[in-house]
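Every position in the sequence shown, counted from 1, becomes a number in the working numbering once 144 is added.
One structure is given here, and the rest of the page talks about it.
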Amino acid sequence: MTEKKPTRKGSTPIVVRVTPDEKAVIESLAKQTGHSMSAYLRLLGQGYVPKSIVDHGQVMELARINGDLGRLGGLLKLWLSNDARTAQFGESTLRAALARIEDTQNKMLEIMKAVVMPRADR
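Set out below in structure tokens:
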């Protein structure tokens, strides 16, 4: 007959007292790594180095923004090459395109911050 291995459910728990804020931080970090709080703390206690799970939706949004920047860059390049198709565009159009590029870069930076530092206290 084989010997039964003890399960976690029947084992002795370790009680760790934390403040509500500390609990919220631990819960957030556990969620970022795809673990329960219990599993996250157990793994940390055994030397685990957590790896965050990147939000797929945010990555897709970054890809969309990158495409927007590419299209705006192409339009700017066309305008700067004095292409006949862009002859009707003046300086105001160029400045508007540059402003849109800058706005898009700022939006991309915000999404990157959310991916890298998803907690509210960034």
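Glycine is no exception: its CB is placed at the ideal position from the N, C-alpha and C atoms.
Taking only three categories from DSSP, how would you classify residue i?
| i | result |
| --- | --- |
| Ile-209 | helix |
| Tyr-192 | coil |
| Val-251 | The question names Val, yet the displayed sequence has Lys at residue 251. Of the three classes helix, strand and coil, the one that applies to Lys-251 here is helix, per DSSP. |
| Glu-166 | helix |
| Arg-161 | coil |
| Ala-231 | coil |
| Arg-244 | helix |
| Glu-171 | helix |
| Gly-214 | helix |
| Ser-236 | helix |
| Gly-178 | coil |
| Gly-154 | coil |
| Lys-149 | coil |
Going along the chain, which residues of its own chain have a beta-carbon closer than 8 Å to the beta-carbon of residue i, five neighbours each way excluded?
| i | result |
| --- | --- |
| Ala-183 | Ala-174 |
| Lys-153 | none |
| Thr-248 | Ile-209, Asp-212, Leu-213 and Leu-216 |
By Cβ distance below 6 Å, which residues in the same chain neighbour residue i in space, the five residues on each side in sequence not counted?
| i | result |
| --- | --- |
| Leu-185 | none |
| Glu-147 | none |
Between the options, which has its C-alpha nearest residue i's C-alpha?
| i | options | result |
| --- | --- | --- |
| Ile-209 | Arg-244, Pro-157 and Leu-238 | Arg-244 |
| Gly-218 | Ser-236, Leu-242 and Pro-157 | Leu-242 |
| Thr-177 | Lys-167, Pro-194 and Asp-247 | Pro-194 |
For residue i and residue j, which I take to be in contact (beta-carbon distance under 8 Å), what is that distance rounded to the nearest angstrom?
| i | j | result |
| --- | --- | --- |
| Val-259 | Gln-190 | Not really, about 27 Å apart at Cβ, beyond 8 Å. |
| Val-162 | Ile-170 | 7 Å |
| Ile-255 | Leu-216 | Not really, about 17 Å apart at Cβ, beyond 8 Å. |
Got a sec? Which residues, its chain only, sit under 7 Å from residue i by beta carbon, not counting five neighbours each side?
| i | result |
| --- | --- |
| Trp-223 | Thr-230, Phe-233 and Leu-238 |
| Met-181 | Ile-170, Glu-171 and Ala-174 |
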